[in-house]
Every structure is written in structure tokens, then in C-alpha cells.
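Residue numbers (this note's numbering): 935 to 1276.
Below, the structure is given as C-alpha cells:
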């Protein structure tokens, strides 16, 4: 049986504001995060309602306009500042970067997006982004400071605005995260961060808007892993509204397959188990917790990201000596998983 002692932080908890540590909302973060497990990526703290009074944030007023844009329509604002660069050019002291951190430390795909910048500027941005990757889990506030520095230098680069959004989310600044995600979406033309946008709306205490946003894009047009993340985020929004049965329905997607494990399977299985618990269906929930455990173990046994893991349950006759029947040791009995390459 899986250890129930670490289930206090479950998938789908509403994002909490003013958090001192990084963490995505437990049923809304990218697939693969398993916040209920000690030692995994840091999770959000508690179920408290996040601060939604934007008037307390000096960077925004209640309508979400940037300073100097009060009274203007969103279209006028976008036309005057289509990339939102004015919002990241406020006074800011760049955090120090160790000399050992070099531009080549940044992911090659991300570095490619910086080629439109001058070499000197591209190198500086790359070093800040490399620092974000290093610090995002151990010191999200400092990682955010590096992301702000990168955005001030390269506000029209999609990966830079995406990084700023993610770090803002990690420190609980959901208003900034949502704004930056919208800018990233406009620059890149991609919907791959839609689940994080949904969870940012949840963090602002707007589950109805979260559901509306999640339905705004045809699910089948999204990559499979994003479809799973979105289903988890939508389920969390339903829970925010007290719609527990509907939250379970949101998770009944084709990817909820107990016989195969992908990178996003443990998070999906966890979310499903947690909602079953909320419905009082403890036995079914325990089955899905165990499936999550098996999926995680199976994925750990794979040797490549493209592996598809088939989870197999085998029954043995207790009266037959397994070693004689199979020629193997007893510890090979029962549940096991083998990589299946397509």
C-alpha cells in the first residue's frame, strides 16, 4: 500500500498566495510533479484563499492596467505596448551572476531564441536564464529576480516572458504570472502554457474564469501532455467551486489508463485518487494511489524519455513455488513494469 502520511499536499489544492517556497498548484501544475511526496518538487503551502486585491500590488490597478494606462481599453494598451515591455522596465537591481555561469549553460533551444539580440545582450540574458534554471526550486525569489533582469533586456523574446511568468507563479504573484503568460502566448502563438494560465486564474480566486479560459481552446489541438495538465487544472477549478463530481469528470480523459505509464501519469493518477477521496470512495482512491506508485516506479526503471511503460499485474498460485515455476527468484513475483518502445 502507498504511504498515506504524505498525502496532505494533494493534487488540485488551490494555489496559495504569499508563499515562501516554489510550487505549482497541486492539481494544476505541469505533469510529472508529485507534490504529495516528500523529497519531490516543493509544493504550495495550504489551502488558504490567495490575495486577490490587485490594488495592493503597485504594478497593477484593479483593472489589471499597467501604470500610466489607467482608463484605456485593453486594445489601446496592447496597441501602444504590444509586447508589454513597459511592465518589466521599472527600477530593478540586477542580481549577481557567478563567473562560472556561462551562456552555454542555457538550454540550446532557448539560446536559439536569443539570436535576434546582440551577442553581448544575448550572453547576458542567457546567463540570467541559466541562473533561473538553477535557482527555481531552491530560491524562487532570487530566480524571479534573474527572470526580471532577463525580461528588461529582452522583453520581446517568448522564452524570456515565459520564464518570467513561471517564476512569478512560483512566488505566488498570480496576477503578474497571468499577464506574462498572456504576453508569451501573444508573442509565441502557442497555447502550451494554458494550464498554468488556468491555475493563475484560480490563484486570483476566479475559478469561473479559469474554467472559461480552459474551454477557450479545443482540447484536441493541444499536445497530449498539455491536455493532461489542463484536465488536472480544470478539475482543481471545479473543486474550488465545490463541484466534486464534476471535478472527477474532468479527469476522465483517455490518458487515464492504469495499464500504461507516461511521464504525466503519476500526477493524473494522484489527482484522480484525491478527488475519489473527497467523494468518500476510499477503496477506489487507494487503488489509484497504488497505481500512481507503480507508475512512478516503472518510469524510474525506464532508460529514455520516449519509453512507454506497460504496467502488468500477475497473479501466482500460492501453492506453487514461484522459483520452480519460473526459474527466477521470489522477488520477481507480483506487480512489475517493463519498458515498451514504440
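Every residue, glycine too, gets a C-beta built ideally from N, C-alpha and C.
- Put simply, the segment 1141-1148 does not touch the segment 1102-1111. Fewer than three CB pairs are less than 8 angstroms apart.
- Taking 8 angstroms as the upper bound for CB-CB distance, residue 1164 and residue 1138 are not in contact here, some 18 angstroms apart.
- Put simply, of 1094, 1133, 1041 the residue whose alpha carbon is nearest the alpha carbon of residue 1117 is 1094.
- With a cut-off of 8 angstroms on Cβ pairs, the segment 1166-1176 is in contact with the segment 1201-1208, counting three or more such pairs.
- For residue 1185, the CB contacts under 8 angstroms within the same chain, skipping 5 residues up- and downstream, are 1165, 1166, 1169, 1202, 1205, 1206, 1209 in chain order.
- The C-alpha of residue 1162 is placed about 21 angstroms away from the C-alpha of residue 1176.
- When rounded, the separation of the alpha-carbon atoms in residue 1121 and residue 1091 is 8 angstroms.
- A direct Cα-Cα distance of roughly 18 angstroms separates residue 1030 from residue 1071.
- Its chain contains 1066, 1070, 1074, 1077, 1078, 1081 as the residues whose beta carbon lies nearer than 7 angstroms to that of residue 1101, once the 5 sequence neighbours on both sides are disregarded; these appear in chain order.
- The C-alpha of residue 1212 is placed about 42 angstroms away from the C-alpha of residue 1084.
- Secondary structure note for residue 1160: its alpha helix (DSSP H) is the uninterrupted segment 1158-1174.
- Taking C-beta atoms as the reference points, residue 1088 and residue 1048 count as a pair closer than 8 angstroms.
- Annotated three-state conformation of residue 1053 is helix, per DSSP.
- Ranked by Cα distance from residue 1036, the options 1115, 1140, 1194, 1064 are led by 1064.
- Residue nearest to residue 1060 within the set 1038, 1050, 1052 is 1038 (criterion: CA-CA distance).
- Residue state for residue 1038 is assigned as helix, using DSSP reduced to three classes.
- Sequence-distant Cβ neighbours of residue 1097 in its own chain, meaning closer than 7 angstroms and more than five residues away, are 1063, 1066, 1081, 1084.
- A Cβ-Cβ separation of about 6 angstroms places residue 1156 in contact with residue 1125 under the 8 angstroms criterion.
- Per DSSP, residue 1121 is one residue of the alpha helix (DSSP H) stretching across 1108-1122.
- Annotation: residue 1199 to residue 1234 spans about 13 angstroms, alpha carbon to alpha carbon.
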